[in-house]
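Numbering (this note's numbering), first residue to last: 20 to 98.
Step one of this worksheet: look at the structure below.
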């Protein structure tokens with residue numbers, strides 16, 4: 020049954036988490052690092068990174084590269 024298209028399962032927990040992250044970024048209103056956001060939510064940097072990557076890809080959030088190579092990128096709600 021290879022012809023059957025696979026319906027992507029929407030993980031409501033993930034959707035809610037992304038929404039919470041976006042709301043928090045809106046509330047903060049200034050560029051914030053992945054690390055700070057992860058600490059804010061008490062989750063791993065990987066989990067936060069995945070949420071932020073998605074939000075950037077969808078155009079809700081803007082990623083700002085760090086000044087130096089060593090400086091972490093920051094994230095802010097897209098205008």
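We treat Cβ as the ideally placed atom computed from N, Cα and C, and that holds for glycine.
Taking 8 Å as the cut-off, the Cβ atoms of residue 44 and residue 95 count as close. In the DSSP assignment, residue 40 falls within the unbroken alpha helix (DSSP H) covering 31–47.
In this structure residue 92 is not in contact with residue 79, their Cβ atoms being roughly 16 Å apart against a cut-off of 8 Å. For residue 30, the number of other beta carbons within 10 angstroms of its own is below 16, and it is reported as exposed. Burial is judged here by how many other beta carbons sit within 10 angstroms of a residue's own beta carbon; residue 58 has fewer than 16 and is exposed.
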